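Numbering (my numbering), first residue to last: 3 to 411.
C-beta atoms are modelled at their ideal positions from N, C-alpha and C, and glycine is treated no differently.
Small disclaimer: the values here were computed from a predicted structure and weren't measured.
Right, one structure below, let's go through it.
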Ligand SMILES: [Fe+2]
Ligand SMILES: [Fe+2]
């Protein structure tokens, strides 16, 4: 549709637009004239907002001003008729604030300069659809200064002309946005520092854990050397404890601790004389009393450290000879008074001792060893743990066969 030039429109010499000069609909021209008089009145230094009327054709990329308050060309350092182009080129970031969730948390959604050109048509379509626009532009001025302008406008669409008008104002929000940006930068810096610290701590914790393992394995090794025990006993015991711990419902961390703490159960034998430890025959009652003290010596050796690993190791060292009926040592604990780690270690220690060959005895057949544990329910071992152990015979056999020179049958 085209319209003849309408000479009735009084065109102000300062008019920088094109609608009043172009063959547009009388309806659109009328609206532009109305707005021009209103917006000119708003263009004064007392108004914090710089009024503007911009326009664009829906099938075209170009946007132009029908009117722009004098402060915007001044700010951008350009003539009024170049303001739209210069402003578009100066925007380094366009942000909108949107409600993202039911709690009405406001989030900033930003588009950087490099993506703005390709998104301009979409943004205009969205603002036409919503009938308004509210955005903040971060602008790099020709002087190198950075300013922020908040744009608030209503959008009117003129279908006959395929033209939209944006009737709005630009308010300088540099102070507020600078503060917000600085506070976001400070927050980011703090987060980065915290992440760095967390990484350092994690590294340190790993190092501490590695050192603890090194110490406990050296201690366990020292016990083996004195006691003539095969190191394979400690390895198998760790794995048996892991199977039984899992069956008893221990979580991953508890099982990891149990796995590494179990080999220290006899660490107190460091304090027992070799004559007793390596005596080929049965011990006299006095010797047996001395031997029993290895549980207390072990607990003392492992005490005074706050690490979870050493605390569990101490508990196991102290309680792995306690018995369910209270007839064990060193403290005659009974039932659930015996810590779970000690009850688990007791079953796994005895089972491996029975099924291992020692200088003074042959390895028991599997069925006999399982039978012995069964017989020990209620008086020696926690009955529920024995049942759980016996429910996992295939896994137990697999561990034994993996680490022993002869299969357990
Ligand atoms: Fe022991
Ligand atoms: Fe043992």
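* Residue closest to residue 151, alpha-carbon to alpha-carbon, out of 125, 126 and 180 -> Considering only alpha carbons, the answer is 180.
* Using only the heavy atoms of ligand 2, determine whether one of them is closer than 7 Å to the beta carbon of residue 382. => At a threshold of 7 Å, residue 382 does not count as near ligand 2, since its beta carbon sits no closer than that to any of the ligand's heavy atoms.
* Under a three-way DSSP split, which group does residue 396 fall into? -> Three-state result, residue 396: helix.
* Asked: Helix, strand or coil for residue 318 per DSSP?
  -> Here residue 318 sits in helix by DSSP.
* Please list, in chain order, all residues of the same chain as residue 371 whose beta carbon is under 7 Å from its beta carbon, the five residues on each side excluded. => Same-chain partners within the cutoff: 353, 356 and 357.
* Asked: Any heavy atom of ligand 1 closer than 7 Å to the Cβ of residue 323?
  -> When distances are taken from the beta-carbon of residue 323 to the heavy atoms of ligand 1, the shortest one is below 7 Å.
* To do: Starting from the Cα of residue 270, find the closest Cα among 336, 335 and 294 and give me that residue.
  => Measuring from the Cα of residue 270, the nearest candidate turns out to be 294.
* How about residue 303 and residue 274: do their beta carbons lie closer than 8 Å? -> Not a contact, by the Cβ cut-off of 8 Å.
* Asked: Can you round the beta-carbon distance between residue 37 and residue 67 to whole angstroms, since I take them to be within the 8 Å contact cut?
  -> Cβ-Cβ separation between residue 37 and residue 67: approximately 12 Å, too far for a contact (criterion under 8 Å).
* To do: Round the Cβ separation of residue 390 and residue 250 to the nearest angstrom and send it over; I've been treating them as touching at under 8 Å.
  => So it is a contact: roughly 6 Å between Cβ atoms.
* **Rounded C-alpha distance that separates residue 408 from residue 326** => Going from the Cα of residue 408 to the Cα of residue 326 covers about 32 Å.
* To do: Go through its chain and collect everything with a Cβ distance to residue 110's Cβ below 7 Å, but skip five positions before and after it.
  => Sequence-distant partners of residue 110 (beyond 5 residues in either direction) whose C-beta falls short of 7 Å from its own C-beta, in its chain, are 97 and 99.
* To do: Could you tell me which residues DSSP pairs with residue 39 in its beta bridges?
  => BP columns for residue 39 are empty, so no partner.
* Asked: According to the neighbour-count rule (16 or more other Cβ atoms, all chains shown, within 10 Å of its Cβ), is residue 29 buried or exposed?
  -> Under this definition residue 29 is an exposed residue.
* Asked: Do the segment 233-245 and the segment 340-354 make contact, defined as three or more Cβ pairs closer than 8 Å?
  -> Using a C-beta cut-off of 8 Å, the segment 233-245 makes contact with the segment 340-354, since at least three inter-stretch Cβ pairs fall below that distance.
* To do: Use the C-beta contact count for residue 414: other C-beta atoms within 10 angstroms, 16 or more gives buried, fewer gives exposed.
  => Residue 414 lies beyond the residue range present for the chain, which begins at 3 and ends at 411; the question has no answer from this structure.
* Rounded C-alpha distance that separates residue 1 from residue 200 -> Because the chain in this structure spans residues 3 to 411, residue 1 falls outside the shown range and cannot be described.
* Asked: At a cut-off of 7 Å, is residue 235 close to ligand 1 when judged by its beta-carbon and the heavy atoms of the ligand?
  -> With a cut-off of 7 Å, the C-beta of residue 235 is classified as distant from ligand 1, since no heavy atom of the ligand falls inside that distance.
* Euclidean distance between Cα positions of residue 143 and residue 149 -> Residue 143 and residue 149 have their C-alpha atoms roughly 7 Å apart.
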